[in-house]
Each structure stands twice: as structure tokens, then as C-alpha cells.
Amino acid sequence: MIREETVLARSFTLPPTLDALRNYVDGQFVETERQFDNISPIDGRLLGKVHEADAALVDRAVRAARRALEEGPWGRSTVEERAAALHRVADVIERRFEEFLAAEVADTGRPVEQARKLDVYRGIANFRTFADLGKHAHGEFFETHLPDGTQLINYTKRKPLGVIVSISPWNLPILSLTWKAAPALICGNAIICKPSEETPSSAVLIAEAFHEAGVPPGVFNVVHGFGPGSAGEALTTHPGVDAVTFTGESRTGAAIMKAVADGVKEVSFELGGKNAAIIFADCDFEATVNGLARALFTNTGQVCLCPERVFVERPIYERFLAAIKARAESMRIGWPDEPGVDMGSLISREHRDKVLSYFKLAVEEGATVLTGGGVPQFGDARDQGAFVQPTIWTGLPDSARCVREEVFGPVCHIAPFDSEDEAVRRANDSDYGLAATVWTTNLSRAHRVAPRLHVGITWVNTWFSRDLRTPFGGTRLSGMGREGGRWSLDFYSETTNICIKV
Ligand code: NAD
Ligand code: 6OD
Numbered sequence: 000m001i002r003e004e005t006v007l008a009r010s011f012t013l014p015p016t017l018d019a020l021r022n023y024v025d026g027q028f029v030e031t032e033r034q035f036d037n038i039s040p041i042d043g044r045l046l047g048k049v050h051e052a053d054a055a056l057v058d059r060a061v062r063a064a065r066r067a068l069e070e071g072p073w074g075r076s077t078v079e080e081r082a083a084a085l086h087r088v089a090d091v092i093e094r095r096f097e098e099f100l101a102a103e104v105a106d107t108g109r110p111v112e113q114a115r116k117l118d119v120y121r122g123i124a125n126f127r128t129f130a131d132l133g134k135h136a137h138g139e140f141f142e143t144h145l146p147d148g149t150q151l152i153n154y155t156k157r158k159p160l161g162v163i164v165s166i167s168p169w170n171l172p173i174l175s176l177t178w179k180a181a182p183a184l185i186c187g188n189a190i191i192c193k194p195s196e197e198t199p200s201s202a203v204l205i206a207e208a209f210h211e212a213g214v215p216p217g218v219f220n221v222v223h224g225f226g227p228g229s230a231g232e233a234l235t236t237h238p239g240v241d242a243v244t245f246t247g248e249s250r251t252g253a254a255i256m257k258a259v260a261d262g263v264k265e266v267s268f269e270l271g272g273k274n275a276a277i278i279f280a281d282c283d284f285e286a287t288v289n290g291l292a293r294a295l296f297t298n299t300g301q302v303c304l305c306p307e308r309v310f311v312e313r314p315i316y317e318r319f320l321a322a323i324k325a326r327a328e329s330m331r332i333g334w335p336d337e338p339g340v341d342m343g344s345l346i347s348r349e350h351r352d353k354v355l356s357y358f359k360l361a362v363e364e365g366a367t368v369l370t371g372g373g374v375p376q377f378g379d380a381r382d383q384g385a386f387v388q389p390t391i392w393t394g395l396p397d398s399a400r401c402v403r404e405e406v407f408g409p410v411c412h413i414a415p416f417d418s419e420d421e422a423v424r425r426a427n428d429s430d431y432g433l434a435a436t437v438w439t440t441n442l443s444r445a446h447r448v449a450p451r452l453h454v455g456i457t458w459v460n461t462w463f464s465r466d467l468r469t470p471f472g473g474t475r476l477s478g479m480g481r482e483g484g485r486w487s488l489d490f491y492s493e494t495t496n497i498c499i500k501v
């Protein structure tokens, strides 16, 4: 009990100002009458209250964003001024790093060291990367000579789209929000961000960073709430919004697509995945076991890019099963700041119920449970949290629901394969198309297989890390459009061609 209190006090209580999370609209922190609970996934504690934005507050945010563009200095700003503002925001996050870390860990239950290297770091990197990229964005120029001797010059000019809405999920809160806000703002737009109702804290800190960095009112706004009947719906149906960028479940993407259809708004969707990992017999065995374990269990399997379908070439199948089982069973699950902890909780009890329903379904569908399939018992406050065991199934057909549907937990199905063509065909047999990993030491094979996979990104012998200047997105149910680097600048700008007769 003493240890528990020490741990709670030391790392994953929220900073006091986040006990009551407010909206940030038009440069002001705004309270509302209606509030909802922010519950810790680690031990079920009430972390604080969140002020839910209603349609009237969403309308205020949209009008403030429009005013910032039409009447405020942001609408007249140069890209250098906007880049300087984003760097100032990044400076504040860097200075207040530990607060961001505490907020992210409290909301998500993930290990502190993972959040330190991944989430807060990526928040800063997103602001700095897009600040610099925006300064180097360029248009196109064409000189045209017509048969009658007319000479034309054409050049393209990027203009802001206007008022952008960003709706983000709970799994990587700082990363997802800043991945949208940074490019939107460098392009000269104003933005209203709705973080997930499960992870509202870091968004408030980001709002504080904008406030402290002196970014003009209305340019960056945060509203809290849920989807249908709440802030999410109010944002996507508001006629004053020009574009919606969304990350989350595929079926939510479909609902948002319907909501924006009447207004013919631009959308960018980063949605779910049921990603394949293909492991060839010629892989570096130890590195692959470690690499796959990282891909399966990082963030308790709650990364859209985590593999949930693993195909292993038959000659190493049994040996690989034994090694990955041992690796899963050595995972240390626990408090976020426990030394050596590998895995934290899932995001919520509600999400745990979903994951556990797949654990049950897998057995009903005839899976062999190689390891896991249950809930760890701690004998302390963590038993009120949302923990599950790392879980591996074998023996299911590719048509099983557990092999086709996204679970979004520390779980995968492993099946053997006999040829490269078979592995590619089975990896592509999915309604999703977000990411894949290929594990081989044969360079020619890597180049042959990777382009045949119908996904937005294929990693070879690694996972997750990439250059932020590269395109990111999915095919099929995994999304629409690409963001990252110039692809983000394309989405968040309206490109005009100016044609001049010389
Ligand atoms: P979700 O779709 O339930 O919620 C995402 C956000 O949408 C939340 O802010 C939620 O409040 C809001 N929302 C829900 N319904 C809405 C509606 N009708 N209108 C407007 N807003 C609405 O997703 P989640 O459970 O928070 O996140 C997990 C999912 O996100 C997984 O499917 C995962 O694969 C996906 N994801 C994809 C990527 C990617 O880059 N492709 C990245 C992260 C997460
Ligand atoms: O790495 C990224 O830029 C990104 N958007 C990752 C998303 C991960 C999904 O859970």
C-alpha cells in the first residue's frame, strides 16, 4: 500500500490544473455546465472532470477560428511567422515535458519510458518538422507557348483551406493531435481539435502551450466531448467548417463521411487496421522475435499499425512459436513507472470488455490459445484497472472473425505458410490495408514482396519508426488520403493555378 501511494504521487497523478479540464476557445479556457468523468485505466480512479462542449460552444469555436483567419493577424501572417509560432509551442512542450508526460501516462496507463520516447517526443517533432517543411513548400511553374504565338506563364499558389476540424482517438493522444494541428497551422489554417473523451488531458496542456506561446486567439481551439449527440457531431455537421481530418475506427470514419457529405467538405481519414507480419525462414531469428514482440505489444497493442495477423514460413514455424510465446510470457505488465515494465493497461474497462469478447470468440472459433487469453491478477489497486495478458492464438482459418476484425489489443493470430506467393495472397486477404511488416535477410525478396502488399506502408525488419516527410495513410477500410510531409501540406492547402498572358 505504501508503494502504491508513492507511485501514484510520483508519476501518474495529473498536474493539479488538469483536475477540471476546460475547453480552449478563442484564446480562453471555457467551463461548461455539463461534465464527464476522466477515469484512470490503471486503477479505475477518478482523475478529474471534463467540461463537455455543447453545440453552442462548438459554434463559438468555429466563429472564433473564422475570425482569426479573416480579421486577426494569423490570416495575414507569413509562413516564417507561423513557423516561429510553432517552434515556440514546441519550446513550451519541451520545457514542460514532465507535465505532458504525466498527463499522457495518467490518461492512457502506458509505461512512462514509452511515453517519454514516443508520445511527447513526437509532439515536439511534429511541430518542429512541419514548421520547417512549411517554409520550404514550393509550387509549380509552367511556361506555355500556343500555336498562335501566345505565351502563358502558370504558377501554383497554396492557400489555406480555412477552418479545420481534427478529431482524434485515444491511443496516441499527443501524437495524433499534433500530427494534424502542426501541418494545418503552418499552411495558415485555424483549427478546432477534439481529443478523445478517454484522453482529454494532454490536449489541454497543448492549448496551454499555444496560449503561452502567444498564438492569437481562435487559431488553435480545443473542445471536449463524445461523438454522436456531442461535440464530435456538432463539429462535423457545422456549416462553417471547411475540412475534417479524422483518426479513429473505420465505422466512425464512415459516419463522419455521411455527416460531411451535404457540405461536400474535404476529409482525410486514418482508420483501423488488421495488419499482417510476414516472417520468412531466412530472417534474423532473434532480431525478428524481438522486433515482432515490440510491434505486437507496444502500447498494449493499441497502435493502428500493430500486426494482428502473423504468417511464419513453415520451416521455422514451431521454433518461432516457442520463442514468441516465451517472449510474451516474459512481458512485465504493471505500473507505468515500475522499472523494467513493458506493458501497461488498455485504455478503459469498456475497451477491455471488447478485447475480452475476442478472447472468448477465439476459443469459440476453435483457436488454440498459445499464451494469455485472460486478465492478470495483481492483488492491489490495479485489479480495478483495464489490464489483459499478451495473447497469441493459432489454428484459426483466415476466414475467422478473430483473424479478420481489428481487436486493438496485445493479441495476434499466427499461421504457417509455404511460399512467397501464398504469404502475399493471405496478407492481402483483408478488408483493411494500413501497414505490413516483412522479416527477411534476403534483399531481393524484400523488394519483391513489399510492393505487392496492398497497404499504405510496409516495414522491412523494423516497425513504426519512419521519416515524417513520408506519406502515411491506408487503403480500403484503413483510410482515405495521405498525410505526412508534402502530402499533409497538400491536404491542408487549396492550390490555385494562376495563368498569365505575357
Ligand atoms: P473512435 O472512432 O471510437 O473515436 C475516435 C474519435 O472520434 C474520438 O474523438 C470520438 O469521440 C470521435 N467520434 C466518435 N464517433 C463520432 C462521430 N459520429 N462523429 C464525430 N466524432 C466521433 O476510435 P478510438 O476507439 O478512439 O480509436 C481506436 C481506433 O482508431 C482503432 O480502430 C485504430 O485502428 C484507429 N486508429 C487509426 C490510426 C491510423 O493512423 N490509421 C491511428 C490511430 C488510431
Ligand atoms: O506515426 C504517425 O505519424 C502516426 N500517425 C501513427 C499512428 C498510429 C496509430 O495508432
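Quick note on numbering that gives the first Met the number 0: the sequence shown kicks off at 0 and runs consecutively. For every residue, glycine included, the Cβ atom is placed at its ideal position computed from N, Cα and C.
- Given a length threshold of 3 residues, each whole run of the beta strand (DSSP E) inside the region 27-113 is given here in chain order: 27-29, 34-38 and 45-50.
- Nearest to residue 278 by C-alpha distance, out of 99, 426 and 476, is 426.
- Residues 106, 107, 169 and 172 of the same chain have their beta carbon placed closer than 7 Å to that of residue 198, with the five preceding and five following residues left out of the count.
- Only residues of its own chain outside the window of five on either side were considered, and among them 138, 139, 494 and 496 have a CB closer than 6 Å to the CB of residue 155, listed in chain order.
- Of the residues assessed, residue 244 falls on the buried side of the cut-off, its CB having 16 or more other CB atoms within 10 angstroms.
- The C-alpha of residue 282 lies about 13 Å from the C-alpha of residue 318.
- With a contact defined as Cβ atoms closer than 8 Å, residue 63 and residue 25 qualify at about 4 Å.
- When DSSP states are grouped into helix, strand and coil, residue 486 belongs to the helix group.
- Per DSSP, residue 196 has no beta bridge partner at all.
- A straight-line Cα-Cα distance of about 16 Å links residue 295 and residue 117.
- Remark: the C-beta of residue 251 is in contact range of the ligand NAD, defined as less than 7 Å to any heavy atom.
- By DSSP's assignment, residue 475 forms a beta bridge with 431.
- Short note on residue 303: C-beta closer than 7 Å to some heavy atom of the ligand 6OD.
- Taking C-alpha positions only, residue 50 is separated from residue 37 by approximately 10 Å.
- When secondary structure is reduced to three states using DSSP, residue 446 falls in the helix class.
- Here residue 54 is not near residue 217, since their CB atoms are 8 Å or more apart.
- For residue 314, the enclosing alpha helix (DSSP H) has its first and last residue at 313-328.
- Ranked by Cα distance from residue 444, the first of 363, 361 and 422 is 422.
- In this structure the region 142-156 does not lie against the region 82-100, because fewer than three pairs of beta carbons, one per stretch, are closer than 8 Å.
- Of the candidates 48, 473 and 39, the residue whose Cα lies closest to the Cα of residue 270 is 473.
- Contact between the region 251-270 and the region 124-138 is absent: fewer than three C-beta pairs spanning the two stretches fall below 8 Å.
- If you look at residue 350, you'll find it in the alpha helix (DSSP H) that goes 348-363.
- In this chain, the alpha helix (DSSP H) harbouring residue 232 covers 230-235.
- For residue 267, the enclosing beta strand (DSSP E) starts and ends at 265-269.
- Collapsing the DSSP output to three states places residue 156 in a strand.
- Comparing alpha-carbon positions, the option among 301, 463, 143 and 308 lying closest to residue 500 turns out to be 143.
- Look at the beta carbons and you see the region 355-373 not touching the region 177-191: under three pairs across the two are nearer than 8 Å.
- Judged by DSSP secondary structure, residue 125 falls within the alpha helix (DSSP H) whose first and last residues are 120-134.
- It is roughly 38 Å from the alpha-carbon of residue 19 to the alpha-carbon of residue 434.
- Here the alpha carbon of residue 340 sits roughly 39 Å from the alpha carbon of residue 420.
- Under the DSSP definition of a beta bridge, residue 498 partners with 153.
- DSSP places residue 172 in the uninterrupted alpha helix (DSSP H) bounded by 172-185.
- Secondary structure of residue 296 (DSSP, three-state): helix.
- In the DSSP assignment, residue 332 falls outside any beta strand (DSSP E) and carries neither an H nor an E.
- Taken from the Cβ of residue 160, every heavy atom of the ligand 6OD lies 7 Å or farther away.
- For residue 97, the shortest C-beta to heavy atom distance toward the ligand NAD is 7 Å or greater.
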